[in-house]
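> Take this structure first; my questions come after.
Protein chains: 2
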Amino acid sequence: MCAAIAHPARRQILLTVHMRGSMAAGEIAGRFAHAWPTTSRHLRVLEAAGLLSHKRQGRNHVYAVDHARLGLLTEWLGWFHRDPLG
Amino acid sequence: MCAAIAHPARRQILLTVHMRGSMAAGEIAGRFAHAWPTTSRHLRVLEAAGLLSHKRQGRNHVYAVDHARLGLLTEWLGWFHRDPLG
DNA sequence: TCGATATTTAGCTAGAACGCTAAATATCAG
DNA sequence: CTGATATTTAGCGTTCTAGCTAAATATCGA
């Protein structure tokens, strides 16, 4: 999961999809300078990490953010905000 | 910064140093199966990302976590926990 | 100064990541 | 069925990452 958000393009995909609620693959790919297959692979990486999920709607692949999964990361970071002695 | 925490060993280093407050490089390296130079590089990566800082104490290099830096990541994650419409 | 201790730097190799183009797959419209 | 649209899969070359060993650097104790 951490590796998935290590790439700037993937972080931006994640934010963009989150803001919109859900987006088709092409709509996402259209916002990036990268070639479609490149963005397509980023989507696959994000999905493999459990950060995105997708379902077909006709010929579109619609992606949405998995917030629960991101919650795990926030939870992990929480360890650093609590006092280690407490 | 995200790339820095993409590696399991580096996440563990971060947590371990945090729990202890501060640790010498050798003390850290001793806890991993990896060769010292490998861990040494992980430390450099974490420091380059601003997640660790170090100072010499005699012949020891003592590392500590930079919490403010981690705060930025938590802040970024916050975007996903707030409602995108609000 | 000399040897031991603590740690890093240098340099190598194997494997993964990331970009691309070209081709394949699947759905819709006529 | 046929052609157009939406997206992925396949495959290639380059660059980055992560492991290692061997050598260099710096400090301490005698």
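First to last, the sequence lines map onto chains X and E.
For the first sequence, this note's numbering gives the first residue as 8, with consecutive numbering after it.
For the second sequence, this note's numbering gives the first residue as 8, with consecutive numbering after it.
A virtual CB, placed ideally from N, CA and C, is assigned to each residue, including glycine.
Between the Cα of glycine 28(E) and those of Asp73(E), Leu53(E), Thr46(E), Cys9(E), spot the shortest distance and give me the residue it belongs to.
What you label residue 28(E) is simply residue 21 of the second sequence in a count that begins at 1. The option with the nearest alpha carbon to glycine 28(E) is Asp73(E).
> When you check each C-beta in the segment 58 to 89 of chain X against every C-beta of chain E, which residues fall closer than 9 Å?
So the list reads Val72, His74, Leu77, Gly78, Leu80, Thr81, Trp83, Leu84, Gly85, Trp86, Phe87, His88, given in the order they occur along the chain.
> Any idea what DSSP makes of alanine 71(E), helix, strand or coil?
By one-based count along the second sequence, residue 71(E) stands at place 64. Of the three classes helix, strand and coil, the one that applies to alanine 71(E) here is strand, per DSSP.
> Using a Cβ cut-off of 8 Å (strictly closer), state whether histidine 49(X) contacts chain E.
To locate residue 49(X), count along the first sequence from 1; it is residue 42. No, histidine 49(X) lies away from the interface with chain E (no Cβ there is under 8 Å from its Cβ).
> Might you give, ordered along the chain, the residues of its own chain that have their beta carbon closer than 8 Å to the beta carbon of methionine 8(X), omitting 5 neighbours on each side?
The residue labelled residue 8(X) in the question sits at position 1 within the first sequence. Hits under 8 Å: Ala56, Gly57, Leu58, Arg76, Leu79, Leu80.
> So which residues of chain E does proline 91(X) contact, with C-beta pairs closer than 9 Å?
Residue numbering aside, residue 91(X) sits at position 84 when the first sequence is read from its first letter. Near proline 91(X) (Cβ distances below 9 Å), the residues of chain E are His25, Met26, Arg27, Gly28.
> With DSSP as the reference, identify every bridge partner of alanine 31(E), one or two as the case may be.
As a working note, residue 31(E) is residue 24 in the second sequence. Answer by DSSP bridge pairing, in chain order: Val69(E).
> Quick test of your reading: alanine 11(X) and leucine 53(X), contact by CB under 8 Å. State the CB separation rounded to the nearest angstrom.
Translated into positions along the first sequence, residue 11(X) becomes position 4. Translated into positions along the first sequence, residue 53(X) becomes position 46. With 8 Å as the limit, alanine 11(X) and leucine 53(X) qualify as a contact, their Cβ atoms being about 5 Å apart.
> At a Cβ threshold of 8 Å, is arginine 38(E) touching chain X?
Here residue 38(E) refers to the residue found at position 31 when the second sequence is read from its first residue. So, not an interface residue.
> Check whether the Cβ of alanine 42(E) lies closer than 8 Å to any Cβ atom in chain X.
Numbered from its first residue, the second sequence carries residue 42(E) at position 35. For alanine 42(E), the answer is no, since every Cβ of chain X falls outside 8 Å of its Cβ.
> Please go through the same chain and pick out, in chain order, the residues whose beta-carbon is closer than 7 Å to the beta-carbon of phenylalanine 39(E), but skip the five residues on each side of it.
Your numbering for residue 39(E) matches position 32 in the second sequence. Contacts found: Ala16, Thr46.
> Beta carbon of methionine 26(X), beta carbon of valine 69(X): below 8 Å?
Within the first sequence, numbered from 1, the residue matching residue 26(X) stands at position 19. Within the first sequence, numbered from 1, the residue matching residue 69(X) stands at position 62. Going by C-beta atoms, methionine 26(X) is not nearer than 8 Å to valine 69(X).
> Looking only at its chain, what residues have a beta carbon closer than 8 Å to the beta carbon of leucine 84(E), apart from the 5 residues adjacent to it on each side?
As a first step, residue 84(E) must be located in the second sequence, where it is residue number 77. Same-chain partners within the cutoff: there are none.
> Return the Cβ separation of tryptophan 86(X) and leucine 22(E) in integer angstroms, given the expectation that the two are a contact with Cβ distance under 8 Å.
Looking up residue 86(X) in the first sequence gives position 79. Looking up residue 22(E) in the second sequence gives position 15. Contact flag correct, Cβ pair sits at about 6 Å.
> Rounded to a whole number of angstroms, what is the C-alpha to C-alpha distance between serine 60(X) and arginine 18(X)?
The residue given as residue 60(X) occupies position 53 in the first sequence. The residue given as residue 18(X) occupies position 11 in the first sequence. Roughly 15 Å between the two C-alpha positions.
> Between alanine 13(X) and alanine 13(E), which are expected to be in contact by the criterion C-beta below 8 Å, what is the C-beta distance as a whole number of angstroms?
The residue given as residue 13(X) occupies position 6 in the first sequence. The residue given as residue 13(E) occupies position 6 in the second sequence. Confirmed, Cβ separation roughly 4 Å.
> Taking the beta strand (DSSP E) that histidine 41(X) belongs to, which residues open and close that run?
On the first sequence, residue 41(X) is found 34 positions in, with the first residue counted as 1. Premise fails: histidine 41(X) is in no beta strand (DSSP E) and is neither H nor E.
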